[in-house]
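Engineer: Numbering (this note's numbering), first residue to last: 768 to 1031. By construction, the Cβ of each residue, glycine as well, lies at the ideal position given by its N, Cα and C atoms. Take a look at this one; I'll ask things after.
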Amino acid sequence: MSIVYLTSTSGAPGVSTLATALTLNWPRPTLLLEADIAKTSHILSGYLQGQYQHVQSLTEAAIANLRGGLDGEILFAQTISLGEGRYVIPGFNDLGGARGTTSAFWANLLRALEQLPRTANAPDLDIIVDAGRFAPGDPRSPLIAAADAVLVVTGNTLPDIHALYASSSAFATTLEASGHRDYLGLTITTTPLRGQGYSANEISTKTGLPFVGALPWDPATAAHYSHGAPAPARRLPYTRALAEIITALDGDLAGRRYTPTAQD
């Protein structure tokens, strides 16, 4: 099992869109975990276009945790299939519950994820975490510390870079505690505003974060993953860039796959 944790420091730079795209194109069976604590599920009304009611959710996992019964079987029961070998656990259906989560809940959720390969009907899965926005003191720090790759998704304008720079030390501190400082990487979404964007090299140099990949301004392809629009017939720039990011991530993950420690 590998854990890839996606987050941002400002605005809406496309974390959920990229998380969905990675899940649907990943080279191995994959579970998308919607772990955003500032909003409810994006994928249910976006890529899945309202086909499912918000019944399966992290709210159910949190209730099970309060009762002392959160395990891999209960967690896997919250999944919705996105196709063969592709699953999603939708986010919280109540924002009060989402914002009230503690690091203890996320640590227990991590243990439940560890149990998935040993749970009936659950294949061996890589985990893509859509975490939304990061903040210092983030209660999801157990997931961040356990991740095999932490991707910070940012735009390439000055406000984006300013927000990223202000938070980069907090990211580093969280990962240094687990010895994974070098697992932190940068993915950039480019702006259509002429003359307003900075290069990947400039952003990486300023923030000290290694560059993993950049997603071009390609609203037609992005809309397929964000809103369930028909996929473009041609292989457009977003698709090519996505493939490059997956290749880079997969290479990094080969030597650092997360080893579960939980016992049955």
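#1: Hey, out of P794, A989, Q820, whose CA is closest to L1049's CA?
#2: Helix, strand or coil, according to DSSP, for G836 in the structure here?
#3: Determine, using beta carbons only, whether A786 and D897 come nearer to each other than 8 Å.
#4: Using CA atoms only, rank isn't needed, just tell me which of Y819, N888, R1002, P999 is closest to P857.
#5: Run through the DSSP bridge pairs and tell me what L942 is partnered with.
#6: Locate the alpha helix (DSSP H) running through R853, then write down its first and last residues.
#7: Is P977 near L953, with beta carbons less than 8 Å apart?
#8: Under a CB-based cut-off of 8 Å, is T1006 close to chain B?
#9: At a cut of 8 Å, does the segment 934 to 953 reach the segment 911 to 918 through at least three beta carbon pairs?
#10: By the DSSP assignment, the alpha helix (DSSP H) with G1018 in it spans what residues?
#11: Out of curiosity, what's the CA-to-CA distance linking E827 and P997?
#12: Run through the DSSP bridge pairs and tell me what V919 is partnered with.
#13: Considering only the alpha carbon of each residue, which of G867, N923, G964 lies closest to R907?
#14: CB V855 to CB L862, shorter than 8 Å?
#15: Whole angstroms are fine: how far does the CA of I1012 sit from the CA of A967?
#16: Could you say which of L791, L1003, L833 lies nearest to L815 if we only look at CA atoms?
#17: So the beta strand (DSSP E) A902 belongs to, where does it begin and stop?
#18: Could you check the C-alpha separation between A1029 and R1002 for me, to the nearest Å?
#19: With L931 and V919 assumed to form a contact (beta carbons below 8 Å), what rounded beta-carbon distance in angstroms separates them?
#20: Residue ranges of each alpha helix (DSSP H) run of no fewer than 4 residues wholly in the segment 973 to 999, ordered along the chain?
#21: With respect to the beta strand (DSSP E) encompassing I847, which residues constitute its N-terminal and C-terminal limits?
#22: Within a Cβ cutoff of 7 Å, which residues of the same chain sit near D891, ignoring the five residues on either side of it in sequence?
#23: Give the range of the alpha helix (DSSP H) segment to which T784 is assigned.
#24: With A1057 and A1008 assumed to form a contact (beta carbons below 8 Å), what rounded beta-carbon distance in angstroms separates them?
Structural biologist: Looking at the atomic coordinates:
#1: Not covered by the structure: residue 1049. The range shown for the chain is 768 to 1031.
#2: In this structure, DSSP gives G836 a state outside helix and strand, which the three-state scheme calls coil.
#3: Against a cut-off of 8 Å, the Cβ pair of D897 and A786 comes out as a contact.
#4: Y819
#5: Bridge partners of L942: none, in fact.
#6: Not the alpha helix (DSSP H): R853 falls in the beta strand (DSSP E), residues 853 to 856.
#7: The beta carbons of P977 and L953 sit closer together than 8 Å.
#8: Of the protein chains in the structure, only one exists, and it is not chain B.
#9: yes
#10: 1004 to 1020
#11: 32 Å
#12: Answer is T774, L953.
#13: G867
#14: no
#15: 14 Å
#16: L791
#17: Neither: A902 is in no beta strand (DSSP E) and is coded neither H nor E.
#18: Residue placement at A1029 is flagged as unreliable, the pLDDT there being 47, under the threshold of 50; a coordinate-derived value is accordingly withheld.
#19: Indeed they touch by this definition, with Cβ atoms about 7 Å apart.
#20: 986 to 994
#21: 847 to 850
#22: M768, P796, P884
#23: 782 to 792
#24: The shown model of the chain, from 768 to 1031, leaves out residue 1057, and the question about it has no answer.
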